[in-house]
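A.B. asks: Residue numbers (the UniProt record's numbering): 1 to 321.
The structure under discussion is supplied below as structure tokens; questions concerning it will follow.
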């Protein structure tokens, strides 16, 4: 009996394993179907075949769903069913809006609405961050992500943005430890954290408040007018009345108003009595000319000052009295 059992075990051990029987074409494999359904459930946005966007239902789309089409209620175009995504998990309406129209809606709302208040195009359900990332284009989501990050940072205690128009940096600034001057770590701009203005050099915040007081401003304006009236003389040109102050030299005084030059011509043969000194300089695209003791040939000029004297066709107006 013992010998028989040993021989039988040895024979069974040396036998090759049984060969697998290949599945017949068209025969469903229950285990494979079950596994693919689990895969589609664990991977949102994939169908049971792991290739095309699903309709958000378990099990995934059937094979013949790829041939079915429906019309988008916004662009009125017929598209395959997998082009109609479910926007949020809470949406109860049918998926009748195509992905392109959904993306256009979300991008427009991201530019005009608070980042956390963007709702579905077909209902009032708020679209959460992860669904925005799933539905939006890459470029639109990058902008939305920046908006959401900036909004989140702005809500942090003691976080401040740099006020420079050319800087987009920000940082934590605590008055108790860092003082009243905010130093931007990116562009080194100094900001008064009390008034949120460029730092007022040479004066304290109390002195700045005093200077910004409307009554103080009015008093300073009155004092300035009194000083100008006592130390200057209005230009006698009709309609000009620009205040002029003599800073030394002879009794000759000159009133200069700057005009925009379009085309100027200097007579090179003019004698010294007509043109003695012409100084030309360029500031951006505007030419400025200063003329002394005479006139200058001007072909085409546009006036940008208020003096109405006939000689205003030349840039630097010379008034004598």
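Using N, Cα and C, we set each Cβ at its ideal position, and we do this for glycine too.
All figures in this text were calculated on a predicted structure; none of them were measured in a lab.
Would you mind sorting residue 84 into buried or exposed? The rule is 16 or more other CB atoms within 10 Å of its CB.
C.D. replies: By the neighbour-count rule (16 or more Cβ atoms within 10 Å), residue 84 is buried.
A.B. asks: Is DSSP giving residue 201 helix, strand or coil here?
C.D. replies: Correct three-state label for residue 201: coil.
A.B. asks: At the level of alpha carbons, what is the spacing between residue 125 and residue 92?
C.D. replies: Using only the alpha carbons, I get a separation of about 10 Å.
A.B. asks: For residue 170, name the three-state secondary structure that DSSP assigns.
C.D. replies: Looking at residue 170 - three-state DSSP - the assignment turns out to be strand.
A.B. asks: Can you tell me which residues form a DSSP beta bridge with residue 243?
C.D. replies: In the DSSP output, where bridge partners are listed per residue, residue 243 has 234.
A.B. asks: Do residue 123 and residue 101 count as a contact pair if the criterion is CB distance below 8 Å?
C.D. replies: No, they are not a contact pair.
A.B. asks: Looking at the secondary structure, which residues open and close the alpha helix (DSSP H) in which residue 175 lies?
C.D. replies: Element bounds for residue 175: 175–178.
A.B. asks: If we count the other Cβ atoms within 10 Å of its Cβ and call it buried at 16 or more, is residue 144 buried or exposed?
C.D. replies: By the 10 Å Cβ count, residue 144 comes out buried.
A.B. asks: Where does residue 228 fall in DSSP's three states?
C.D. replies: DSSP places residue 228 in helix when its eight states are reduced to three.
A.B. asks: DSSP three-state call for residue 119: helix, strand or coil?
C.D. replies: In this structure, residue 119 counts as strand in the three-state DSSP scheme.
A.B. asks: Specify the secondary structure class of residue 82 as computed by DSSP and reduced to three states.
C.D. replies: Looking at residue 82 - three-state DSSP - the assignment turns out to be helix.
A.B. asks: Taking all protein chains shown into account, decide if residue 325 is buried (16 or more other Cβ within 10 angstroms of its Cβ) or exposed.
C.D. replies: Since the first and last residues shown for the chain are 1 and 321, residue 325 lies out of range.
A.B. asks: Quick check on this structure: which residue in 105, 213, 195 has the alpha carbon closest to the alpha carbon of residue 137?
C.D. replies: Considering only alpha carbons, the answer is 105.
A.B. asks: Quick one: what's residue 222 bridged to in DSSP?
C.D. replies: The partner list for residue 222 (beta bridge, DSSP) is empty, contrary to what the question assumes.
A.B. asks: Give me the Cβ distance between residue 185 and residue 166, rounded to the nearest whole Å; I'm assuming they're in contact under 8 Å.
C.D. replies: Between residue 166 and residue 185 the Cβ distance is about 15 Å, and since that is not below 8 Å, they are no contact.
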